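Below is one structure, written out as structure tokens; the observations come after it.
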Amino acid sequence: MISDAKPDRQTWGLDHQFDSVDQQRESSFLGMWIFLVTEIMFFGGLFATYIVYRGQNTDGFVAGSHELDITLGAVNTAVLIGSSLTMALAVWAAQTDRRKATVWFILATILLGGVFLGVKVVEYGAKFEHHLVPGPEFHWPGPEKTESVQMFFNLYFLMTGLHALHMIIGIGILAVLAWLAWRGVFSASNHNLVEGVGLYWHFVDIVWIFLFPLLYLLGRSG
Amino acid sequence: MSVHVTPIRVYLLIFGALMVGTLLTVWAAFLQLGAFNDIVAMAIAVTKATLVVLYFMHVRHSTRLTKITVVAGFLWLAILVGLLLSDYFTRGFLAG
Chain A
0 MISDAKPDRQ TWGLDHQFDS VDQQRESSFL GMWIFLVTEI MFFGGLFATY IVYRGQNTDG
60 FVAGSHELDI TLGAVNTAVL IGSSLTMALA VWAAQTDRRK ATVWFILATI LLGGVFLGVK
120 VVEYGAKFEH HLVPGPEFHW PGPEKTESVQ MFFNLYFLMT GLHALHMIIG IGILAVLAWL
180 AWRGVFSASN HNLVEGVGLY WHFVDIVWIF LFPLLYLLGR SG
Chain B
0 MSVHVTPIRV YLLIFGALMV GTLLTVWAAF LQLGAFNDIV AMAIAVTKAT LVVLYFMHVR
60 HSTRLTKITV VAGFLWLAIL VGLLLSDYFT RGFLAG
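Protein chains in written order, with numbering that gives the first Met the number 0: chain A, 0 to 221; chain B, 0 to 95.
And the structure:
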């Protein structure tokens, strides 16, 4: 399909270590997924920790959950799912050689990611005001054991904090990606970087899909 | 194998399903289902995550090598959580 002559390789955006565009694309896709598997284990360890501590301190965790703003959590879930849609559309635009659309969809993804982090700042601020940040200022007036509720907020800040860090890194990478897309680096035969960053962004979305019910929703009916 | 371009219609459909799932999980959280509340919440989350993996992340149209990598990742997570819980939640059995 592709000759080894240099001009062709350039036209196809094919690096010298690969035999074909398909092989290059599959390597990129598989490599990114192997990285994401390590991320699954990373966040998975935290989820497992949360489940065990919740089992041991159910009262405190349910009380802690009730302090979270379910509306803000649900809105942020919708915002993040929206950003996954714009990211998927950015990949679509790159696949179909639409340069400007690729840039715009990436910028929309950055914007929605920013909205998510903004809402998170509002939520964190409320926790500081209500003395729900673990440490010397932590104060729990309810009948539940203070340590149990504090353990909930330890895990809340650790898990949402690491998730937010992933988003901040993601927004930084998306900014570079938008610039590269604007310069016309990507083509229908090589847009692997857009696809790879997309996989990362969707993964961060998946982490939140589990964080939202675990932190905000469990124990609400009681 | 050439690149499979997912039509925009599919992306919008999946987006709609994910939004419905979000509303559903908030609504279900306030129902009196006892222990089933947790199961329903996790079932909805797993369904949403599966949709994202298959369609947004294009795993449905990827090679078998990628598919087995993805499945292995989640399988090992299941082993981690499964063995951990089988330890912690059976300790009381011995104390009795």
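The C-beta atom is built at its ideal place from N, Cα and C for all residues, glycine as well.
Keep in mind it's a predicted model, so treat the numbers as computed, not measured.
Contact of residue 91 of chain B with chain A is not assigned, every C-beta pair being separated by 8 Å or more. In the structure shown, the three-state DSSP call for residue 56 of chain A is coil.
For residue 107 of chain A, same chain residues with a beta-carbon under 7 Å away, outside a window of 5 residues either side, are 85 in chain order. Contacts with chain B at 8 Å (Cβ-Cβ) do not include residue 184 of chain A. Taking 8 Å as the Cβ-Cβ cut-off, the segment 30-47 of chain A approaches chain B at 32, 33, 35, 36, 39, 40, 43, 44, 46 and 47, given in chain order. Here residue 204 of chain A has 79 and 83 as same chain residues with Cβ atoms under 6 Å from its own Cβ, once five neighbours each way along the sequence are excluded. In the three-state scheme derived from DSSP, where H, G and I count as helix and E and B as strand, residue 212 of chain A is classed as helix. Per the Cβ contact rule, the segment 146-158 of chain A is not in contact with the segment 89-107 of chain A (fewer than 3 Cβ pairs under 8 Å). Selection A:196, A:12 and A:51 evaluated against residue 82 of chain B yields A:51 as nearest (Cα-Cα). In the DSSP assignment, residue 178 of chain A falls within the unbroken alpha helix (DSSP H) covering 145-181. Taking C-beta atoms as the reference points, residue 56 of chain B and residue 201 of chain A count as a pair closer than 8 Å. For residue 19 of chain B, not one C-beta of chain A is nearer than 8 Å to its own C-beta. In this structure, residue 186 of chain A keeps its C-beta atom at 8 Å or more from the C-beta atom of residue 58 of chain A. Here residue 31 of chain A is buried, its C-beta having at least 16 other C-beta atoms within 10 Å. Contact of residue 75 of chain B with chain A is assigned, a C-beta pair being separated by under 8 Å. At a cut-off of 8 Å, the C-beta of residue 73 of chain A has a neighbouring C-beta in chain B.
When DSSP states are grouped into helix, strand and coil, residue 50 of chain B belongs to the helix group.
Under the three-state reduction of DSSP, residue 34 of chain B is assigned to coil, being neither helix nor strand.
When the beta-carbon positions are compared, residue 47 of chain B and residue 20 of chain B come within less than 8 Å of each other. Residues of the segment 80-107 of chain A with a C-beta less than 7 Å from any C-beta of chain B: 80, 83, 84, 87, 88, 91, 94 and 95, listed in chain order. In this structure, the straight-line span from the alpha carbon of residue 208 of chain A to that of residue 45 of chain B is close to 8 Å. Taking C-beta atoms as the reference points, residue 50 of chain B and residue 13 of chain B count as a pair closer than 8 Å. Contact of residue 214 of chain A with chain B by beta-carbon distance below 7 Å is absent, the smallest such distance being about 11 Å.
With a contact defined as Cβ atoms closer than 8 Å, residue 161 of chain A and residue 49 of chain A miss out at about 12 Å. Residues of the segment 196-212 of chain A that bring their beta carbon within less than 7 Å of a beta carbon in chain B comprise 198, 201, 204, 205, 208, 209 and 212, in sequence order. Excluding residues up to 5 positions away in sequence, 59 lie with their Cβ nearer than 7 Å to the Cβ of residue 144 of chain A in the same chain.
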